[in-house]
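The next block holds one structure in the form of structure tokens; read it before the comments.
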Amino acid sequence: MAGRIPDQFIDELLARTDLTDVVASRISLKKTGQNYSALCPFHNEKSPSFSLNPNKQFYYCFGCGAGGNAISFVMEHDHLDFVDAIEALAKDAGMEVPREQGAPDRYEQNAELLKRLSESSQFYQQQLTQHPDKKKATDYLSKDRGLSGQIAKVFGIGYAPPGWDNLLKKIGTRAESQEQLLLGGMLIEKKDQPGHYYDRFRDRIIFPIRDSRGRVIAFGGRAFGDEKPKYLNSPETPVFQKSQELYGLFEAKQNTPVLDQIIVVEGYMDVIVLAQHGITNAVATLGTSVNNQHIRKLFKLVSKVVLCFDGDKAGRAAAIRGLEASLPVMQDEKQVRFLFLPEGEDPDSLVRKEGKDAFHRRLEDASSLSHVLFDHARNQVTLGDEEGEAQFARNAMEMITQIPKELTFRSVLIRQLSDQSGIDSETLGNTVFKTRRQHTPTEGHEAEPPQQIQHYDGDTPDLSHYDYEPSHGHYDDLHHYTDHAGPATQPKTQGSFKKPFSKKPFSKGKFYNDEPALPPAAPSLSRIKQASLCLLLHPHIAHEIELPDPIINQANEELQVFCKIWRYFEKHPNKNTGHLLGETTDKIIIDSIYALLNHKDAITKQKITNAQQEVLDTVLALEKNLGLNSSIARLKSKGNESIKDNSSKQELRNLMDLIRQKKS
């Protein structure tokens with residue numbers, strides 16, 4: 001059904017849902033006074049730090065900072081998006097989810113297509129157990145590939161028997177059904193007979209490809225012998241874009257109790273064999289190299305991504321593509337690591353040979369992103385003298401500057417490069433700026449030149465250099481997995497930097513297409529967000545704080561969130577964050593609160609004793625910024641020639657003092 005879910009329904013659903021029942025059905029709770037405690041399901045721990053307050057219908061983990069209500073718990077624990085979590089809770093409560101009028105999404109627009117694809121999957125699974133030639137398929141799966149019937153069922157593996165029209169006769173009995181099957185890539189139109197079709201998949205093992213909600217959106221077909229192509233995939237359709245999907249992601253979410261990392265491997269069979277050996281958190285790309293969208297999608301689910309490659313030359317080249325894809329979307333508190341397998345081995349063969357525990361040990365020893373980055377930068381250098389060291393530093397900085405500027409991780413890499421190259425960090429930054437000006441940078445990631453402070457010496461300076469606006473980050477959308485690709489493309493590097501990895505992609509035999517760049521990853525908490533977090537964790541301080549109207553009336557989104565949190569607690573001094581979440585219907589506020597409570601800084605802010613002073617300092621800084629911008633605007637409107645009287649000159653001097661404080 002199209003349209004958004006009404007806020008009223010969400011309020012009613014939360015009112016009729018007992019958080020204690022929701023959590024107790026998923027983890028073991030222990031009564032501790034008026035609250036319940038448990039081992040947190042969102043991070044590994046030995047002593048309980050997860051607390052649930054049944055009166056406030058709110059949970060919080062003092063170990064990792066996770067917190068929220070029934071909806072957020074189901075989202076995090078069951079790895080669902082916002083809408084799916086609402087639907088799951090509504091089903092348990094016996095409620096039907098209403099929708100307001102609105103434009104349907106691409107899945108709702110193609111409901112009939114998804115139905116035909118689901119029916120196709122069921123047909124192929126039936127053929128695996130019922131077709132007269134089924135032994136050919138079952139022997140291949142069990143004897144040649146060593147798969148159990150149980151794992152085949154988990155992944156919905158099927159069989160497309162020989163013949164040109166098996167699926168067509170079963171599913172495409174009507175013209176409308178044939179149109180949908182053709183649209184979904186299941187049929188191919190005969191060139192010499194328009195309007196007549198035949199099956200795309202014939203005499204192959206079939207692997208259904210599911211989206212993150214478990215809907216069948218495409219298929220992969222594997223030949224039994226040396227037939228070409230060995231793997232045949234569905235073409236792109238209205239519900240399937242191969243560069244955005246990952247095989248096995250739905251199964252990983254369903255079958256991994258604590259999904260804290262995901263392994264990206266090469267093919268379907270690697271994913272399935274690893275799962276059969278108890279490693280259920282593997283996924284595979286679908287005929288494309290690992291790209292920005294894949295990494296960003298995985299970062300929304302886990303904090304650690306391990307890219308697994310063969311140890312040969314092609315695997316090394318694919319690793320560099322994975323490195324390049326990861327840099328622009330890196331986030332603090334997220335990791336990308338690289339596992340290189342022994343020559344001639346793939347995950348399928350290696351886990352059979354060594355077993356689950358040995359494979360896990362390899363995962364623990366996987367190379368860090370920084371190791372691969374510096375190793376690759378060094379491999380591009382042939383000279384062993386100072387000139388070679390300078391080239392190594394330039395190569396490394398070319399990659400480091402693709403990381404969002406606001407990340408601590410970027411600063412750490414620059415410091416490491418400084419240690420390795422003997423070049424101080426400031427010089428590295430200045431040199432890279434000149435180098436990166438020669439090509440088109442990734443949008444939003446261009447290095448900036450250092451700003452010089454101009455001192456007031458009695459003459460009237462050019463005020464255009466001192467326009468000041470505080471930088472504000474944006475909250476990530478916590479409810480949707482859709483990634484929005486920006487118009488910019490990946491930067492093209494110079495000279496020999498590109499040559500070593502311009503031939504072989506991550507998936508063997510497939511042509512590599514450059515993916516569009518994505519927006520920068522979410523930054524660390526700004527000062528305003530830190531103040532908001534202080535209010536959420538220490539709501540009683542709001543009554544002792546006053547916000548002037550000029551701050552309240554600002555249009556900036558994160559400042560509005562801060563003001564709304566303050567206003568609620570100032571008005572209700574005896575209420576806490578649980579009440580705020582329960583009574584708020586504004587989706588932006590709810591998303592923002594969850595993002596703050598789940599941030600790493602929440603643990604620190606929970607323990608501080610000077611929360612009130614921190615918020616007051618932030619308010620004072622905001623007032624100074626507003627005064628600074630107002631003075632700049634007023635003096636610029638007068639023009640340089642008109643700043644002659646003593647009052648204007650004094651205002652200018654005060655302005656310059658403020659600017660120097662800001663730059664110091």
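Residue numbers 1 to 664, in full-length UniProt numbering, belong to the letters of the sequence shown in order.
Backbone N, C-alpha and C fix where the C-beta goes; we use that ideal spot for every residue, glycine too.
Taken in chain order, the complete beta strand (DSSP E) segments of 3 residues or longer contained in the segment 254-322 are 261-265, 282-284 and 304-309. In the displayed model, R352 falls within a helix according to three-state DSSP.
F219 has P208 as its beta-bridge partners, per DSSP. Taking 7 Å as the cut-off, the beta carbon of G65 is found no closer than this to the beta carbon of C40. Boundaries of the alpha helix (DSSP H) harbouring L114: A111 to Q130, taken from the DSSP string. Restricting attention to F9, F219 and F224, the CA atom closest to the CA of E96 is found in F9.
Using a Cβ-Cβ distance cut-off of 8 Å, the segment 278-291 and the segment 309-317 are not in contact, since fewer than three pairs of beta carbons, one from each stretch, lie closer than that value.
The UniProt zinc finger region "CHC2-type" (40-64) is shown to contain whole beta strand (DSSP E) runs of 3 or more residues at 50-53 and 58-61, in chain order. Rounded to the nearest whole angstrom, the CA to CA distance from L113 to V283 is 25 Å. Between W566 and L547, the C-beta spacing is below 7 Å. Less than 7 Å separates the beta-carbon of M397 from that of L428. Looking at the DSSP output, T32 bridges to N35. Residue state for L232 is assigned as strand, using DSSP reduced to three classes.
Here R394 is buried: its Cβ has 16 or more other Cβ atoms, across all protein chains shown, within 10 Å. In the three-state scheme derived from DSSP, where H, G and I count as helix and E and B as strand, R378 is classed as helix. Contact between the segment 11-19 and the segment 75-95 is established, with three or more Cβ pairs separated by less than 8 Å.
Shortest Cα-Cα distance from L559 to any of D165, E406, Q530 and I295 involves Q530. Residue environment analysis places Q276 among the buried positions, since at least 16 neighbouring C-beta atoms fall within 10 angstroms of its C-beta. Listed in chain order, the non-local C-beta contacts of F219 below 7 Å within the same chain comprise F201, I206, F207, P208, I209 and S234, local neighbours out to five positions each way being set aside. A direct Cα-Cα distance of roughly 9 Å separates L323 from F338. When only Cα atoms are considered, K115 and V239 end up about 12 Å apart.
Every unbroken stretch of the alpha helix (DSSP H) spanning 4 or more residues and falling wholly within the segment 554-611 is given here in chain order: 557-571, 577-583, 587-597 and 601-607. Approximately 44 Å separates the beta-carbon atoms of K356 and I423; this is outside 8 Å, ruling out the contact. In this structure A160 touches D203 by the C-beta definition: roughly 7 Å separates them, less than 8 Å. For L182, the uninterrupted alpha helix (DSSP H) run begins and ends at A175 to L183, by DSSP.
Looking only at L373, I171 and C563, the smallest Cα-Cα distance to Y198 is reached by I171. For I188, the three-state secondary structure derived from DSSP is strand. With a cut-off of 8 Å on Cβ pairs, the segment 120-137 is not in contact with the segment 249-264, counting fewer than three such pairs. Taking the Cα positions, I403 is about 43 Å away from N35.
Spanning the alpha carbons of L167 and K334 requires a straight line of approximately 44 Å. DSSP, read as helix, strand or coil, puts A160 in strand.
By the CB criterion at 7 Å, V561 and S592 fall inside the cutoff. The three-state secondary structure of D84, taken from DSSP, is helix.
Between I545 and C563 the beta-carbon gap is near 11 Å, outside 8 Å, which marks them as no contact.
Taking the CA atoms as reference points, A88 sits about 15 Å from D11.
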